[in-house]
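Colleague:
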Amino acid sequence: MTSAEPVIETSHLGKWYGRRRGIEDVTFSVPSGEIFGFLGPNGAGKTTTIRCLLGLVRPQRGTSRLLGKPAHRIDRARLGVVPGELSMFERMTGLQLLDYLAALTGRRPTERADLLARFALGSSDLAKPIRHYSRGMKQKLGIVQALQHAPELLILDEPAEGLDPLMQQEFYLLLGELRARGRTVFLSSHLLWEVERTCDRVAIIREGSLVALERIDTLRARSVRRVEVHFVDAGEVGRFAPPSGVVVEQAQGARVTLRVPVPQIGATLAALAARRVHDLVWERPSLEDVFLGYYREPPNGR
Amino acid sequence: MGAEFARRLRFTARALTIYVAAALLFQYLIVLVFRSIDVGALGPVMELLPQSVRAVIGAQVAELLSARGFLAFVFVHPVMIVLYLAFVIAFASGALAGEIEERSIALVLVRPLTRNQIVGGVALTLLLGTLLLMGALWVGTAVWATVYGIGPVDLTAFAWVAGTGLAVVWSIAGVSLLASAATSEAGRAAGLGVAFAIAAYFGNYLANLSPDWRWLKPYAMFGYWDPQEIVRRGGGQWPDLYVPLAVAISGLILALIIFNRRDIAV
């Protein structure tokens, strides 16, 4: 693999499970050192794409290459994977599992001690059978097993699922460090905010097909924030003039819900500052909001 | 591959120890029963047994009155057969299909281990487990015969009994492994294994029961295993080994091919 060659490359991937659609015509590439977000609602085809990449299922159409080789011929010791809906060998202890998977990988687990410390997994935790672990602990162990051998490419399917907010924070910090070290990360998620805060580029998949492949800045610029404003009285609502592009979604008494495109955030704040506002709630945009943004565009406008 | 085999072995060790202990205990009880009965008085009773019971005992009902015949019968006693089959079917179905069902196999499949090595690890554990189970029975035969002074017992003939039994059990293990490699649910894989085992056992039973069903004998795996006939002759016949072994190897080869080609959607 040359340095210019993408670390992940798929071309027109298509997979059906009998009559059930998995994915259709999925094409993208991920260069070295990038955190690539793969965003879509549950059932959109994220996991099927990952299965094709890892050679767990054979696509009926298209090709995929990882680290310069077809999926079924890659050196898997160079991969770190957190599978979706993580399931482990419950009778093993945490330490047995890490040792076993390190032995299968055939690489020394050079990063293990650091990862265990970061994710607060102590020796007493590792001595317990995994069946006694909470969901969060299992997810932390899942992250450690994927990263302990310092893989060059990480494929993570909903990796922060089940982690508490502190651990999620630690995980996103870790992703940033991995990018700084030149590792490549493929991060599948159904959470827009997770992808927004960690990724360089994002592909959005819906009903098996890619609907967008953008830099995260572009995605952010296209997305819309929902803002609930509580003015001091209903009169203020009448005096409030929303900037161009901002839509008043709902107005009831002194409360107004606005849909604010990201480029209009500054103008909206300025307009609100001129009025007497009692409270302001900015909601995280949902994936559906982003999709609506895309589907409102004509196809050639994407 | 070493780590994978070690994991399989470690998680089988406890169950296997229980199976071996149960088999030896049952063998011991049967020896006690043999010592407590009046063989001379039992002869006429045996002749009165209905054909349906004689079909379970095997072709050589008269052998049951000798120590060697009685000890040989332990190997094909229904309790023992349930023990062998429980081990191979439960292990084979849980190993591949069960781990696909639980999704835990994903952690192994994304590592530098071929699918052949995964199936190979399961096959090797099955081989070793059944070898241990049957080997323990052979050793048990020698020990109980010596301790209680029953015999004479020809251990070479009993090695044939154990060897032929292994081939038959492996044939069922091979088919169970194939079922496990081809499905994604432990229950379905176990069901297929049980169906084959039942066919293998009752095919032979029907063949022993009535001449009308004799044609089933070559197709029923248990038809290749008649411990009392083996001890009466002082040894076995090679085809009784070849045929079940061919089934076992065919099952393994098909399991390798199917497991390599199939989608594992975990």
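So the sequences go chain by chain: A and B.
Numbering follows the numbering used here, with no gaps: position 222 of the first sequence is 222.
Numbering follows the numbering used here, with no gaps: position 246 of the second sequence is 1246.
Beta carbons are placed, not taken as given, at the ideal position from N, Cα and C, and that holds for glycine.
As the structure is a prediction and not an experimental result, all values here were calculated from the model.
Can you check whether the C-beta of B:E1185 is within less than 7 Å of a C-beta belonging to chain A?
Modeller: Sequence index remark: in the second sequence, residue 1185 of chain B carries index 185 (1-based). Taking Cβ atoms only, chain A never reaches closer than 7 Å to B:E1185, which makes this a no.
Colleague: Counting only Cβ-Cβ distances shorter than 7 Å, please list the residues of the segment 1084-1102 of chain B near chain A, keeping chain order.
Modeller: The segment 1084-1102 of chain B vs chain A, Cβ under 7 Å: E1102.
Colleague: Just tell me which of A:R19, A:T105, A:R183, A:S123 has its CA closest to the CA of A:A113.
Modeller: Counting from one through the first sequence, the residue named residue 113 of chain A turns up at place 113. That would be A:S123, whose Cα lies nearest to the Cα of A:A113.
Colleague: Using only CA atoms, which one of B:S1184, B:V1243, B:D1263 lies nearest to B:A1092?
Modeller: The residue given as residue 1092 of chain B occupies position 92 in the second sequence. Checked all of B:S1184, B:V1243, B:D1263; the closest Cα to B:A1092 is B:S1184.
Colleague: Look up A:Y17 in the DSSP assignment and give the residues it is bridged to.
Modeller: Sequence index remark: in the first sequence, residue 17 of chain A carries index 17 (1-based). Answer is A:R20.
Colleague: Using a beta-carbon distance below 7 Å, is B:V1110 in contact with chain A?
Modeller: As a working mapping, residue 1110 of chain B is identified with position 110 in the second sequence. Yes - at least one Cβ of chain A is within 7 Å of the one on B:V1110.
Colleague: Using only CA atoms, which one of A:W282, A:T218, A:F36, A:E177 lies nearest to A:R226?
Modeller: Working through the first sequence from its first residue, we reach residue 226 of chain A at position 226. When each option's Cα is compared against that of A:R226, the closest is A:W282.
Colleague: Please list the partners that A:Y133 has in chain B, where partner means a Cβ-to-Cβ separation under 8 Å.
Modeller: On the first sequence, position 133 is the one that residue 133 of chain A refers to. Within chain B, no residue comes near A:Y133; the closest Cβ sits about 13 Å away, beyond 8 Å.
Colleague: With DSSP as the reference, please indicate the residues paired to A:A251 in a beta bridge.
Modeller: What you label residue 251 of chain A is simply residue 251 of the first sequence in a count that begins at 1. Partner(s): A:V256.
Colleague: What would DSSP say about B:D1212, mapped onto helix, strand or coil?
Modeller: Taking the first residue of the second sequence as 1, we reach residue 1212 of chain B at position 212. Three-state DSSP puts B:D1212 in a helix.
Colleague: Just the chain B side, please: which residues come within less than 8 Å of A:Q252 by C-beta, in chain order?
Modeller: Numbered from 1 along the first sequence, position 252 holds the residue referred to as residue 252 of chain A. The premise fails here: A:Q252 is roughly 47 Å from chain B at the closest Cβ pair, so nothing lies under 8 Å.
Colleague: Mind the definition here: the segment 204-224 of chain A touches the segment 172-179 of chain A only if three or more C-beta pairs lie below 8 Å; say whether that holds.
Modeller: Segments in contact, no.
Colleague: Applying a beta-carbon distance threshold of less than 7 Å, which residues of chain A neighbour B:R1007?
Modeller: Taking the first residue of the second sequence as 1, we reach residue 1007 of chain B at position 7. Under the 7 Å cutoff, chain A gives Y100.
Colleague: Buried or exposed for A:L39, please, with buried defined as at least 16 other CB atoms from any protein chain shown within 10 angstroms of its CB.
Modeller: Taking the first sequence and counting its residues from 1, the one referred to as residue 39 of chain A is at position 39. With 16 or more Cβ atoms within 10 Å of its Cβ, A:L39 is classed as buried.
Colleague: First and last residue of the alpha helix (DSSP H) that includes B:V1243?
Modeller: On the second sequence, position 243 is the one that residue 1243 of chain B refers to. Unbroken alpha helix (DSSP H) run through B:V1243: 1238-1261.
Colleague: I want to see whether chain B comes within less than 7 Å of A:P83, judged by CB atoms only; does it?
Modeller: Here the question's residue 83 of chain A lines up with position 83 in the first sequence. Yes, contact with chain B.
Colleague: For a cutoff of 7 Å on Cβ pairs, would you count A:L54 as touching chain B?
Modeller: Locating residue 54 of chain A in the first sequence gives position 54, where the first residue counts as 1. Yes, contact with chain B.
Colleague: Please check the pair B:M1221 and B:V1168, which I expect to be a contact at CB under 8 Å, by giving their CB distance rounded to whole angstroms.
Modeller: Numbered from its first residue, the second sequence carries residue 1221 of chain B at position 221. Numbered from its first residue, the second sequence carries residue 1168 of chain B at position 168. 5 Å between Cβ atoms; contact.
Colleague: So for A:I204, helix, strand or coil by DSSP?
Modeller: In the first sequence, the residue the question calls residue 204 of chain A occupies position 204. Of the three classes helix, strand and coil, the one that applies to A:I204 here is strand, per DSSP.
Colleague: Return the residue from the list A:R135, A:L187, A:P159, A:L173 that minimises the CA-CA distance to A:E34.
Modeller: Position 34 of the first sequence, counted from the start, is the residue given in the question as residue 34 of chain A. Taking only the C-alpha atoms, the option nearest A:E34 is A:L187.
Colleague: Going by C-alpha distance, which of B:I1105, B:N1204, B:M1080, B:G1165 is nearest B:V1266?
Modeller: Along the second sequence, read from residue 1 onward, the residue named residue 1266 of chain B stands at position 266. Ranking the options by Cα distance to B:V1266, first place goes to B:I1105.
Colleague: Does DSSP classify A:H149 as helix, strand or coil?
Modeller: Residue 149 of chain A sits at position 149 when you count from the first residue of the first sequence. Coil, per DSSP.
Colleague: What number of angstroms, rounded off, separates the C-alpha of B:A1157 from the C-alpha of B:I1257?
Modeller: Within the second sequence, residue 1157 of chain B is the residue found at index 157, counting from 1. Within the second sequence, residue 1257 of chain B is the residue found at index 257, counting from 1. Approximately 37 Å between the Cα atoms of the pair.
Colleague: So, helix, strand or coil for B:T1012, using DSSP?
Modeller: Here residue 1012 of chain B is taken as the residue at index 12 of the second sequence, counted from 1. Helix.
Colleague: Thinking C-alpha only, which one of B:A1072, B:T1017, B:T1130 is nearest B:L1085?
Modeller: Against the second sequence, residue 1085 of chain B aligns to sequence position 85. Considering only alpha carbons, the answer is B:T1130.
Colleague: Considering A:E196, what are the terminal residues of the alpha helix (DSSP H) in which it resides?
Modeller: Counted from its first residue, the first sequence places residue 196 of chain A at position 196. Its alpha helix (DSSP H) spans residues 192-198.
Colleague: Just checking: is the beta-carbon of A:M88 within a distance shorter than 7 Å of some beta-carbon in chain B?
Modeller: Within the first sequence, numbered from 1, the residue matching residue 88 of chain A stands at position 88. By this cut-off, A:M88 is an interface position.
Colleague: Please compile the residues from chain B whose C-beta is within a distance smaller than 8 Å of the C-beta of A:V57.
Modeller: The residue given as residue 57 of chain A occupies position 57 in the first sequence. Chain B residues near A:V57: D1263, I1264, A1265.
Colleague: Whole angstroms is fine: what's the gap from A:I23's alpha carbon to A:L13's?
Modeller: The residue given as residue 23 of chain A occupies position 23 in the first sequence. The residue given as residue 13 of chain A occupies position 13 in the first sequence. If I take the Cα positions, the gap works out to 7 Å.
Colleague: Using Cβ-Cβ distances below 7 Å, what residues of the segment 100-127 of chain A are close to chain B?
Modeller: Cβ contacts with chain B: Y100, L101, A103, L104, T105, G106.
Colleague: Which runs of the beta strand (DSSP E) at least 3 residues long sit entirely within the segment 53-129 of chain A? Give them in chain order.
Modeller: If we require 3 residues or more, the beta strand (DSSP E) runs fully inside the segment 53-129 of chain A come out as 61-66, 79-82.
Colleague: Which stretch, first to last residue, makes up the beta strand (DSSP E) that contains A:A160?
Modeller: Position 160 of the first sequence holds residue 160 of chain A. Where A:A160 is concerned, there is no enclosing beta strand (DSSP E), given that its DSSP letter is neither H nor E.
Colleague: So, for A:P109: in the same chain, excluding its five sequence neighbours on each side, which residues have a beta-carbon less than 6 Å away from its beta-carbon?
Modeller: Position 109 of the first sequence, counted from the first residue, corresponds to residue 109 of chain A. The answer, listed in chain order, is A102, Q148, H149.
Colleague: How many Å lie between B:A1159 and B:R1068 at the Cα?
Modeller: On the second sequence, position 159 is the one that residue 1159 of chain B refers to. On the second sequence, position 68 is the one that residue 1068 of chain B refers to. About 13 Å.
Colleague: Any idea what DSSP makes of B:S1279, helix, strand or coil?
Modeller: No information on residue 1279 of chain B is available, as it lies outside the stretch 1001 to 1266 that chain B covers here.
Colleague: Which of helix, strand or coil does DSSP assign to B:T1146?
Modeller: For the purposes of this step, residue 1146 of chain B is taken as residue 146 along the second sequence, with counting starting at 1. The answer is helix: DSSP assigns B:T1146 an H, G or I state.
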